[in-house]
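Chemist: Please see the structure below; I have some questions.
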């Protein structure tokens, strides 16, 4: 499957690499591929999901064992298509109260909520196919840190991009 879609996957990787926000990249991709109209990305949050941060995740975020972290598991959709299954550990103390409330109560993706912080993305790993922790059918896996202007990490994400991103454009 991946070999037949290699040119599309390469374009998708380029779109992701050209954006600090995966949400913005998915919105751009959804619009260009005409996956849905409007090309709006929504987060479907699994409110029952909970995954403790490992010591490696805490170290990457620059927080001690006692500092609170929030885990958020979402499926990012454009229309009816699920484009990404993502796990996100973030430092709520590094966000505004309004941002924390939005993440807890809305379907707004993390990247959209924290956009005012002017974050940049530090890709830690990119792999074609399924990385550990990603569901079957993953065509591309990313692990990244989101950092604010002063260099502090606000989030560590594991993103599992689905085959829906490789669907043929509709004209």
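Residue numbers (the working numbering): 380 to 550. All C-beta atoms in this analysis are idealised placements derived from N, C-alpha and C, irrespective of residue type, glycine included. Remember, it's a predicted structure, so these values are computed and weren't measured experimentally.
With a CB to CB cut of under 6 Å and the five nearest residues on each side skipped, what residues in its chain are close to residue 384?
Modeler: By 1-based counting over the chain shown, the position of residue 384 is 5. Contacts found: 545.
Chemist: Could you tell me the boundaries of the alpha helix (DSSP H) in which residue 407 lies?
Modeler: Within the chain shown, the letter at position 28 stands for residue 407. It spans 401-412 - the alpha helix (DSSP H) in which residue 407 sits, taken as one unbroken run.
Chemist: For residue 420 versus residue 394, is the C-beta spacing smaller than 8 Å?
Modeler: Position 41 of the chain shown, counted from the first residue, corresponds to residue 420. Position 15 of the chain shown, counted from the first residue, corresponds to residue 394. Cβ atoms of residue 420 and residue 394: not closer than 8 Å.
Chemist: Which ranges would you report for the beta strand (DSSP E) in the region 393-472 if only whole runs of at least 3 residues count?
Modeler: Listed in chain order, the complete beta strand (DSSP E) runs (minimum 3 residues) inside the region 393-472 are 420-424, 449-457 and 460-469.
Chemist: For residue 474, which three-state DSSP category applies?
Modeler: Numbered from its first residue, the chain shown carries residue 474 at position 95. If DSSP states are grouped into helix, strand and coil, residue 474 belongs with coil.
Chemist: Can you list, in chain order, the residues of its chain with a C-beta nearer than 8 Å to that of residue 462? Leave out the 5 residues immediately preceding and following it.
Modeler: In the chain shown, the residue the question calls residue 462 occupies position 83. Within the same chain, residue 462 has close Cβ partners 405, 408, 409, 414, 420, 455, 456, 540, 541, 543 and 544.
Chemist: Check the C-beta distance from residue 439 over to residue 524 and give it rounded, since I have them as a contact under 8 Å.
Modeler: Here residue 439 refers to the residue found at position 60 when the chain shown is read from its first residue. Here residue 524 refers to the residue found at position 145 when the chain shown is read from its first residue. That belief holds up - the Cβ atoms of residue 439 and residue 524 are roughly 6 Å apart, short of 8 Å.
Chemist: Measure how close the beta-carbons of residue 425 and residue 500 come, nearest whole angstrom, since I'm counting them as under 8 Å.
Modeler: In the chain shown, the residue the question calls residue 425 occupies position 46. In the chain shown, the residue the question calls residue 500 occupies position 121. Between residue 500 and residue 425 the Cβ distance is about 23 Å, and since that is not below 8 Å, they are no contact.
Chemist: So what's residue 602 in DSSP terms, helix, strand or just coil?
Modeler: Since the first and last residues shown for the chain are 380 and 550, residue 602 lies out of range.
Chemist: List in chain order: all unbroken beta strand (DSSP E) runs of 3+ residues lying wholly within the region 507-531.
Modeler: 517-526, all fully within the region 507-531.
Chemist: When the Cα atoms are used, what is the spatial distance from residue 412 to residue 447?
Modeler: Taking the first residue of the chain shown as position 1, residue 412 is located at position 33. Taking the first residue of the chain shown as position 1, residue 447 is located at position 68. Roughly 39 Å between the two C-alpha positions.
Chemist: Which term fits residue 520, buried or exposed, when burial requires 16 or more other beta carbons within 10 angstroms of its beta carbon?
Modeler: Mapped onto the chain shown, residue 520 falls at position 141. Label assigned to residue 520: buried.
Chemist: Could you check what DSSP says for residue 502 in three-state terms: helix, strand or coil?
Modeler: Position 123 of the chain shown holds residue 502. If DSSP states are grouped into helix, strand and coil, residue 502 belongs with the strands.
Chemist: Please list, in chain order, all residues of the same chain as residue 464 whose beta carbon is under 6 Å from its beta carbon, the five residues on each side excluded.
Modeler: As a working mapping, residue 464 is identified with position 85 in the chain shown. Counting only Cβ-Cβ distances below 6 Å, and skipping sequence neighbours, we find 454, 514 and 539.
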